[in-house]
Amino acid sequence: MTTAQTQELDVQPSPLALLLLGREADPRSERGVECPGDLPSPSDPDLVERARAAKEKLGDKVFVLGHHYQRDEVIQFADVTGDSFKLARDAAARPQAEYIVFCGVHFMAESADILTGDDQKVVLPDLAAGCSMADMATAEQVAECWDVLTEAGIADQVVPASYMNSSADIKAFTGKHGGTICTSSNAKRALDWAFAQGEPSTTKVLFLPDQHLGRNTAVRDMGMSLEDCVVYNPHKPNGGLTADELRAAKMILWRGHCSVHGRFSLDSVNDVRERIPGVNVLVHPECRHEVVAAADHVGSTEYIIKTLEAAPAGSKWAIGTELNLVRRLANRFASEGKEIVFLDKTVCFCSTMNRIDLPHLVWALESLAEGNLVNRIEVDRETEAFAKLALERMLALP
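Note that the working numbering gives residue 95 to position 58 of the sequence shown, counting from 1, and the numbers run on in steps of one.
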């Protein structure tokens, strides 16, 4: 029955029917994309002393990792801070720590478990701390995509390259199919490696799960055209692409995005330039292509921090990344006269990252101090083996 016929009968298609028709998104892949208007209020200050006491009691048995996007009340207890891959490597470099408490999101804790020893236990203070981008590519969807590529006769020409911001299942798929993982700072090196795995004129890359990082790297850093890129939509039959479109493409981009970075627009850039004359626009490569093209500087979280560290006193900056980090940097460099503002006038923080709050951290630390292991993140052996293979390929990149 067509949509027109259902309308004549005053029958509304169900959400499932719309999903199958490719006219709706899978709500499970959009978790955590709400954008509250301000940061959460601080937790009970009495919890600070409890966290300190529990961490002191655990001593060298615990190693706390804090992602840059964490709120200040949590980041103060981190032994190291950084982006997801830096933190996973830091965890692997602490074999004496029995417990790795990861203040980040689920895929980050999985990566830490993959890279740490079997005797180490990775804990995520709140299991609801996920990542909307990582959720946009499931193992079942990616397996179906590979079937589509096989039917188009190009699967043997495709090398998967998956962003660090993906589940262990997607990393394992990548490793199993001869691909590599990348971060926002080494994406070009990863793509150079991927295209070198076959005949340059025919090799293609399936980039998962962030379309913007894949597109920006291919076009901005590697000189490809937008026409070289197609977007595979897992909610449409055959990804919404014809076999000819797949065969002609060099970059097959998964239809995923970061719910925070995806909000920045060209209007945001134009508006801030009008409001703040002489401002430098510095954005993360997870932003849309038109935003990246209009920015003055583009780079990873670590690049953003280093750029601001090296910036001259009195300079003005509009930053297109997560709000917790922007506010922390604004406070850090205020004494140097550096004006640092959020790129968009609409305040937006990563709501899933902020689920790791002080109450959850205190509960996790006190539980461990009492000998109770809670919220352990453990990747199964087969998934771990293939995911680790993909991660090791990244580590071996020139």
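Note that the Cβ used here is the ideal one computed from N, Cα and C, for glycine as well.
**Message:** Using the three-state DSSP reduction, which class does ARG310 fall into: helix, strand or coil?
**Reply:** helix
**Asked** Do ALA174 and GLN157 have their CB atoms nearer than 8 Å?
**Response** no
**Prompt:** In whole angstroms, what is the alpha-carbon distance linking ALA332 and PHE370?
**Reply:** 21 Å
**Item:** Rounded separation between LYS98 and ALA255 - CA only
**Value:** 43 Å
**Message:** If you measure between the beta carbons of LEU231 and GLY216, is that distance less than 8 Å?
**Reply:** Residue identity differs from the one stated: residue 231 is Ala in this sequence, not Leu. Taking 8 Å as the Cβ cut-off, ALA231 and GLY216 qualify as a contacting pair.
**Prompt:** Just reading off the alpha helix (DSSP H) that GLU376 is part of, what are its end residues?
**Reply:** GLU376 -> not in any alpha helix (DSSP H); beta strand (DSSP E) instead, spanning 376 to 379.
**Asked** Pairing CB atoms from the segment 317 to 324 with CB atoms from the segment 262 to 277, are three or more of them under 8 Å?
**Response** no
**Request:** Assign ALA165 to buried or exposed, taking buried as 16 or more other Cβ atoms, counted over all protein chains shown, within 10 Å of its Cβ.
**Result:** exposed
**Request:** In angstroms with no decimal places, state the Cα-to-Cα distance between ARG300 and ALA367.
**Result:** 21 Å
**Close beta carbons around ALA227, own chain, < 7 Å, minus the five adjacent residues each side** = ALA198, THR217, CYS219, MET431 and LEU434
**Message:** Can you list, in chain order, the residues of its chain with a C-beta nearer than 6 Å to that of SER492? Leave out the 5 residues immediately preceding and following it.
**Reply:** No answer is possible for residue 492: the residues shown for the chain start at 38 and end at 435.
**Proximity winner among THR383, SER221, VAL101 and GLN234, relative to ALA128 (alpha-carbon distances)** = VAL101
**Asked** In chain order, which beta strand (DSSP E) runs of at least 3 residues are fully inside the segment 185 to 209?
**Response** 195 to 200
**Request:** Give the DSSP-derived three-state secondary structure of LYS225 in the structure shown.
**Result:** helix
**Asked** Helix, strand or coil for LEU243 per DSSP?
**Response** strand
**Request:** Identify, in the order they occur along the chain, each residue of the same chain with its Cβ nearer than 6 Å to the Cβ of GLU45, setting aside the five sequence neighbours on each side.
**Result:** Caution is warranted here: a pLDDT of 42 is assigned to GLU45, below 50, making its placement in the model unreliable, and the coordinate value is therefore given only provisionally. Taken in chain order, the list of residues that qualify is empty.
**Message:** By alpha-carbon positions, which one of LYS375, GLN248 and SER388 ends up nearest to CYS324?
**Reply:** GLN248
**Request:** Let me know if SER221 comes out buried or exposed under the rule of 16 or more other beta-carbons within 10 Å of its beta-carbon.
**Result:** buried
**Request:** Consult DSSP for LEU102 and reduce its assignment to one of helix, strand or coil.
**Result:** strand
**Prompt:** Just reading off the alpha helix (DSSP H) that LYS94 is part of, what are its end residues?
**Reply:** 83 to 95
**Asked** Which residue comes first and which comes last in the alpha helix (DSSP H) that contains MET145?
**Response** 143 to 152
**Asked** With a CB to CB cut of under 8 Å and the five nearest residues on each side skipped, what residues in its chain are close to ARG68?
**Response** With a pLDDT of 39 at ARG68, under the threshold of 50, the modelled position of this residue cannot be trusted; read the value that follows with caution. Same-chain partners within the cutoff: GLY167, SER169, ASP172 and THR389.
**Asked** Which residues bound the alpha helix (DSSP H) around LYS343?
**Response** 338 to 347
**Message:** Among the candidates SER296, ASP229 and ASP265, whose CA atom is the shortest distance from the CA of LEU290?
**Reply:** ASP265
**Item:** Anticipated Cβ contact below 8 Å, GLU147 with VAL416, distance rounded
**Value:** 5 Å
**Item:** DSSP beta-bridge partners of CYS140
**Value:** GLY103
**Prompt:** Among ALA427, SER372, ARG292 and LEU395, which residue has its Cα nearest to the Cα of ASP83?
**Reply:** LEU395
**Residue from THR358, THR344 and VAL268 with nearest C-alpha to SER352** = THR344
**Request:** Have a look at HIS298 and GLU359 and give me their C-alpha separation to the nearest angstrom.
**Result:** 7 Å
**Prompt:** Going by the CB atoms, is the gap between MET201 and VAL242 shorter than 8 Å?
**Reply:** no
**Request:** Determine the burial state of THR383: buried for a count of at least 16 other Cβ atoms within 10 Å of its Cβ, exposed for fewer.
**Result:** exposed
**Asked** Going by other Cβ atoms of all chains shown within 10 Å of its Cβ, with 16 needed for buried, is LEU263 buried or exposed?
**Response** exposed
**Asked** Is DSSP giving GLU419 helix, strand or coil here?
**Response** helix
**Message:** Which of the three DSSP states is assigned to THR383 in this structure?
**Reply:** coil
**Request:** Please state whether DSSP places ALA331 in a helix, a strand or coil.
**Result:** helix
**Message:** Below 8 Å on the Cβ atoms is my contact criterion, and I expect VAL111 with ILE393 to pass it. Report the Cβ-Cβ distance as a whole number of Å.
**Reply:** 6 Å
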